[in-house]
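This report concerns only the one structure given below.
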Amino acid sequence: MSEKGWKDLAAGGKITEPGNAAQYKTGDWRTFIPDVDREKCINCLFCYLYCPDMAIEVKEDSTLGEIKLDYCKGCGICSSVCPVKCIEMKKEEK
Ligand code: SF4
Ligand code: SF4
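Using my numbering, the letters of the sequence shown map in sequence onto residues 810 to 903.
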């Protein structure tokens, strides 16, 4: 039995144009959802800096904005890096 080499495999995951991530709503991949206790938030914006999906918005006054749930995959990184532990990851009810 001969196996295919990598050159024989069909190409996948091509990025055909730069900056197209906004076209792909990946929020439905999520199992857990971040729940922010805004009373405790100190607006350090670590969550914004570390979110791999750019799903966290910053307001014009440089405070924490909304979490764009169309793009949040529920990875929990924001919760891990929050210094005051005000983001709780909760199981999402679908
Ligand atoms: S759970 Fe992950 S994807 Fe969602 S806002 Fe937090 S860091 Fe971003
Ligand atoms: S990391 Fe925590 S304290 Fe900092 S802005 Fe995000 S939610 Fe607020």
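Glycine is no exception: its CB is placed at the ideal position from the N, C-alpha and C atoms.
Among P861, C891 and K868, the one whose alpha carbon lies nearest that of G836: P861
E869 versus T825 - alpha carbon distance: 32 Å
Cβ neighbours of A830 in the same chain (closer than 6 Å, five flanking residues each side left out): none
Span of the beta strand (DSSP E) around I886: Unbroken run through I886 is the alpha helix (DSSP H), I886 to V890; no beta strand (DSSP E).
Span separating the alpha-carbon of Y833 from that of G883: 15 Å
Length of the line joining the Cα atoms of S871 and C895: 18 Å
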